[in-house]
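The opening position of the sequence shown corresponds to residue 0 in numbering that gives the first Met the number 0, with each subsequent residue numbered one higher.
Ideal Cβ positions, reconstructed from N, Cα and C, are used throughout, including at glycine.
This one's a predicted model, so the numbers in the text were calculated from it and none came from an experiment.
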Amino acid sequence: MTIFVINGPNLNLLGMREPEIYGDETLDDIAAMLDDHARDLGYEIDFRQSNHEGHLVDWLHEAAASGAKSVLLNAGALTHVSIALYDAIKAINIPVIEVHLSNPIAREDFREKSFVGKAAKGTISGFGSLSYKLALDAAASL
Ligand code: DQA
Numbered sequence: 000m001t002i003f004v005i006n007g008p009n010l011n012l013l014g015m016r017e018p019e020i021y022g023d024e025t026l027d028d029i030a031a032m033l034d035d036h037a038r039d040l041g042y043e044i045d046f047r048q049s050n051h052e053g054h055l056v057d058w059l060h061e062a063a064a065s066g067a068k069s070v071l072l073n074a075g076a077l078t079h080v081s082i083a084l085y086d087a088i089k090a091i092n093i094p095v096i097e098v099h100l101s102n103p104i105a106r107e108d109f110r111e112k113s114f115v116g117k118a119a120k121g122t123i124s125g126f127g128s129l130s131y132k133l134a135l136d137a138a139a140s141l
């Protein structure tokens, strides 16, 4: 069974993007780590990234339509502004787990609001790439 991992804007630049906040692992490193961990748990992951909101909405629909078990979603900055993502998460019938490398509520005020978090099953943030691994454990246990 498949767990989708959907990544939003600017996460393609991980490794070189503000490493003091996001660490020096690349998104490919995270994908490889999750792939191994998913295999250990008996799942497959479908790992994607886009800088475009509509792709994220389409992929949430696709995850549910394909019968995926759940979705890990790091929507990047869209987390804080996207009612379309809120509606998409509400519209699908599989659990979505919000993931962040950093801890947004400990940062700038504009990161305090999360439209994703208002619709998600739960949130794991602040642990760097470990956030994804913990979220995968949660997804597998649901
Ligand atoms: C992020 C946190 C967001 O506030 C930010 O816009 C990102 C990355 C994280 O993983 O820590 O792009 O989602």
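Closer than 6 Å to some heavy atom of ligand 1: that describes the Cβ of Arg110. Comparing C-alpha distances from Leu129 to each of Glu19, Met32, Met0 shows the shortest one belongs to Met32. Annotation: Ser81 is outside any alpha helix (DSSP H) and is labelled neither H nor E by DSSP. Look at Ser101: its beta carbon is less than 6 Å from one of the heavy atoms in ligand 1. In the structure shown, the three-state DSSP call for Ser101 is coil. In this chain, the alpha helix (DSSP H) harbouring Phe114 covers 114–118. Not a single heavy atom of ligand 1 lies less than 6 Å from the C-beta of Asn92.
In the assembly as shown, Gly75 is a buried residue. Its beta-carbon has 16 or more other beta-carbons within 10 Å. Excluding residues up to 5 positions away in sequence, Ile2, Glu43, Ile44, Leu135 lie with their Cβ nearer than 7 Å to the Cβ of Ala37 in the same chain. For the pair of segments examined, the segment 14–30 was found not to touch the segment 73–89: the number of CB pairs separated by less than 8 Å stays below three.
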